[in-house]
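Engineer: Pasting a structure here, questions to come.
Numbering (our numbering), first residue to last: 2 to 189.
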């Protein structure tokens, strides 16, 4: 793995880091896989990031080289009832049959969601994403985690499955978004 160190920030600290986060976001989403889709624009990212920073349990982690270059980031926050994150999920029938009652009822303590894990191209496949992921998860108190991944993003999807995530359905979170796979992972 390239020599990087992890730098976690929470809440108010995170607000000041939008420009650094946006720089990584712009690099990653300029790639052909994302096809210039408006959902991945810097403006749309700023709206999502601004909302995320205001949520309880917000944490962002940057992976930085010794020279201060940010090479990767991930962030997440705790779901509250008001966010209604599960509402648009089209559950896989086999998953739906096994869910306990109240599975999607959020009270601000049950689920952490991870909107982004982004690694600049030259630093991929070096264990950076996994290191950030494991570091982030080790500090979480929630019982489970959720994320969304584009089905065509085969490297990310394969990594999540290898890290213990399970696909539970698909979701198009807002009309202008692409359809994602929705994944969950039990934490405790």
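We put the beta carbon where it would ideally sit given N, CA and C, even for glycine.
1) Of the choices 156, 146 and 59, whose alpha-carbon is the least far from that of residue 126?
2) Whose C-beta lies closer than 6 angstroms to the C-beta of residue 187 among residues of the same chain, with five residues either side of it excluded?
3) Classify residue 189 as buried or exposed, calling it buried when 16 or more other Cβ atoms lie within 10 Å of its own Cβ.
4) Please list the terminal residues of the continuous alpha helix (DSSP H) segment that includes residue 132.
5) Under 8 angstroms between the Cβ atoms of residue 79 and residue 93?
6) With DSSP run on the structure shown, which of helix, strand or coil describes residue 58?
7) How is residue 155 classed by DSSP in three states: helix, strand or coil?
8) Exposed or buried, residue 32, counting other C-beta atoms within 10 Å across all chains shown (16 or more means buried)?
9) Could you spell out where the beta strand (DSSP E) holding residue 16 opens and where it closes?
Structural biologist: So, to answer that:
1) For the purposes of this step, residue 126 is identified with residue 125 of the chain shown, where counting begins at 1. The candidate whose alpha carbon is nearest that of residue 126 is 156.
2) Residue mapping note: residue 187 aligns to position 186 of the chain shown, counting from 1. So the qualifying residues of the chain are 145.
3) Against the chain shown, residue 189 aligns to sequence position 188. Under this definition residue 189 is an exposed residue.
4) Counting from 1 along the chain shown, the entry for residue 132 is found at position 131. Residues 129-140.
5) To locate residue 79, count along the chain shown from 1; it is residue 78. To locate residue 93, count along the chain shown from 1; it is residue 92. For residue 79 and residue 93, no; Cβs fall outside 8 angstroms.
6) For the purposes of this step, residue 58 is identified with residue 57 of the chain shown, where counting begins at 1. Note: residue 58 maps to coil in three-state DSSP.
7) Taking the chain shown and counting its residues from 1, the one referred to as residue 155 is at position 154. Helix at residue 155.
8) Within the chain shown, residue 32 is the residue found at index 31, counting from 1. Exposed, since its Cβ has fewer than 16 Cβ neighbours within 10 Å.
9) What you label residue 16 is simply residue 15 of the chain shown in a count that begins at 1. Note, residue 16: premise wrong, no beta strand (DSSP E); alpha helix (DSSP H) at 12-16.
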